[in-house]
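Pasting the structure below:
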């Protein structure tokens, strides 16, 4: 293996020390401010990198356009009782624009049901029959939570009564959906 | 020092195809080291054997992984003959494949920040070795082949830990892991092509000898910077 022509021990030590010093300097004045918003020297504040690092530390979630959606109208709310015959399956979905929220709570009066919370895009170019599954369970007697639509489309539940007895699902929702209702044409599976 | 190697022109042409492909792949992907969240969700949605996806991810990890690339630059810096390049790169590949495969199979997950800090220090080692610092300081040179193999083990442990972060399902684990490893080797081949073509052109100019010392000091600086970044990340993670 060829090497550089030998250098003196002193020169190599100085070079190594310089390498450590330069690395530490770049780390403290550029990398730490930009990556973590940590800025002991204040150099990151001058260059604006600290701001980027602070945003990053928040997971980019502090971008106002991403988190604030002002609307000209009030959100919708609903409480719906959905009757399921024995072994019946149906879909109930909300039409949401990308980034819009849906708060939901549903309980089953009767036996547990199988459900799949999923969404289908209604705009844009997608693979044929594309749908995105968010949550599935075989035996659930109710769920609650919040959901933010990742794309424009119909997002909601496929429910299947696993018993032969009729049952009722009580669904409560709030959110900026334009439509909420039963999707005709049966199940997702 | 062989300033002008008759092989270098031929070598340059041979490596042209993968080099251009590597540059294209590099330009096409964000320069980041961790597997992107988009890739992660693509993975999480599908269980079972997905050979092409995992091969792609392995290749992408290598081609966009600047720590692996810097180490490769250090390793081949003074290797003029294709046979030597092949020997050292094979040692590196054997090293990282061993720990990648064994690490995943045994479920060994080391702290990614700490292993990446060691990988940063492997760049420092190689730069100092290129500068012949160990002979100058201690009168002995650590066995270069053993060192490349040893650091290959470290790089593989890092790869294994990152692969396991992808929440690998046991369904199709072995084929996916092997596909990832094949991808890593393909990516290394492409990256090496890009590095070699640039090095071969540079070696033919007199500036190579003149700047070789400074370049290795710069390489060492990058290694220290990588190690510092990873240790900072480790400290921040541990304290939060």
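Chains as they are written, first to last, in the working numbering: chain A, 1 to 189; chain B, 190 to 429.
Don't be surprised by glycine CBs; every beta carbon is placed ideally from N, CA and C.
As the structure is a computational prediction, the values presented were derived from the model and not from experiment.
request  = Return helix, strand or coil for residue 170 (chain A), following the three-state DSSP convention.
outcome  = Looking at residue 170 (chain A) - three-state DSSP - the assignment turns out to be strand.
query = Among residues of its own chain, excluding the 5 on either side of residue 211 (chain B), which ones have a beta-carbon nearer than 7 Å to its beta-carbon?
reply = With a pLDDT of 44 at residue 211 (chain B), under the threshold of 50, the predicted position of this residue should be treated as unreliable, though the coordinate-derived value follows. Cβ neighbours of residue 211 (chain B) beyond the five flanking positions: 252, 379, 380, 382, 383.
message = Taking its Cβ as the centre, do 16 or more other Cβ atoms sit within 10 Å of residue 154 (chain A), making it buried, or is it exposed?
response = Counting Cβ neighbours within 10 Å, residue 154 (chain A) comes out buried, since at least 16 surround it.
key: residue 255 (chain B) - containing beta strand (DSSP E), residue span   = Going by DSSP, residue 255 (chain B) is part of no beta strand (DSSP E) but of the alpha helix (DSSP H) stretching over 255-265.
message = Rounding to the nearest angstrom, what Cα-Cα distance links residue 171 (chain A) and residue 131 (chain A) in this structure?
response = Taking the Cα positions, residue 171 (chain A) is about 22 Å away from residue 131 (chain A).
ask   = Whose CA, out of B:397, B:343, B:401, lies closest to the CA of residue 280 (chain B)?
value = Checking every option, the nearest Cα to that of residue 280 (chain B) belongs to B:343.
ask   = CA-CA distance, residue 57 (chain A) and residue 148 (chain A)?
value = Between the alpha carbons of residue 57 (chain A) and residue 148 (chain A) lies a distance of about 22 Å.
inquiry  = Is residue 391 (chain B) close to chain A? Criterion is C-beta to C-beta, closer than 7 Å.
reply    = No, residue 391 (chain B) lies away from the interface with chain A (no Cβ there is under 7 Å from its Cβ).
key: Helix, strand or coil at residue 222 (chain B) [DSSP, three-state]   = A caution first: residue 222 (chain B) carries a pLDDT of 41, below 50, which makes its placement in the model unreliable, though a value can still be read off. Reduced to three states, the DSSP call for residue 222 (chain B) is coil.
ask   = Between which two residues does the beta strand (DSSP E) carrying residue 133 (chain A) extend?
value = Unbroken beta strand (DSSP E) run through residue 133 (chain A): 132-140.
Contact set for residue 41 (chain A): own chain, Cβ-Cβ below 8 Å, skip 5 residues either direction = Sequence-distant partners of residue 41 (chain A) (beyond 5 residues in either direction) whose C-beta falls short of 8 Å from its own C-beta, in its chain, are 28, 29.
task = Measure the C-alpha to C-alpha separation of residue 308 (chain B) and residue 347 (chain B) and round it to an integer number of angstroms.
result = Using only the alpha carbons, I get a separation of about 8 Å.
query = Got a sec: is the Cβ-Cβ distance from residue 410 (chain B) to anything in chain A below 7 Å?
reply = Yes, because at least one Cβ of chain A sits closer than 7 Å to the Cβ of residue 410 (chain B).
message = Classify residue 392 (chain B): buried if its beta carbon has 16 or more other beta carbons within 10 angstroms, exposed otherwise.
response = By the neighbour-count definition (other C-beta atoms within 10 Å, threshold 16), residue 392 (chain B) is a buried residue.
ask   = Apart from the five residues just before and just after residue 84 (chain A), which ones in its own chain have a Cβ nearer than 6 Å to its Cβ?
value = The residues are 161, 167.
key: Secondary structure, alpha helix (DSSP H): runs of 4+ residues fully inside the stretch 312-386 of chain B   = Taken in chain order, the whole alpha helix (DSSP H) runs of length 4 or more contained in the stretch 312-386 of chain B are 322-327, 333-354.
request  = Confirm, please, whether the CB-CB distance from residue 377 (chain B) to residue 306 (chain B) is below 7 Å.
outcome  = No; because the gap between Cβ atoms is not below 7 Å, this pair is not in contact.
Same chain only: Cβ atoms within 7 Å of residue 135 (chain A), ignoring 5 sequence neighbours per side = Hits under 7 Å: 117.
query = Based on Cα-Cα distance, which residue from B:386, B:332, B:289 lies nearest to residue 372 (chain B)?
reply = Its Cα nearest to that of residue 372 (chain B), the residue B:289 stands out among B:386, B:332, B:289.
task = Could you please tell me which residues of the stretch 323-357 of chain B, in chain order, have their CB closer than 8 Å to any CB of chain A?
result = So the list reads 324, 325, 326, 333, given in the order they occur along the chain.
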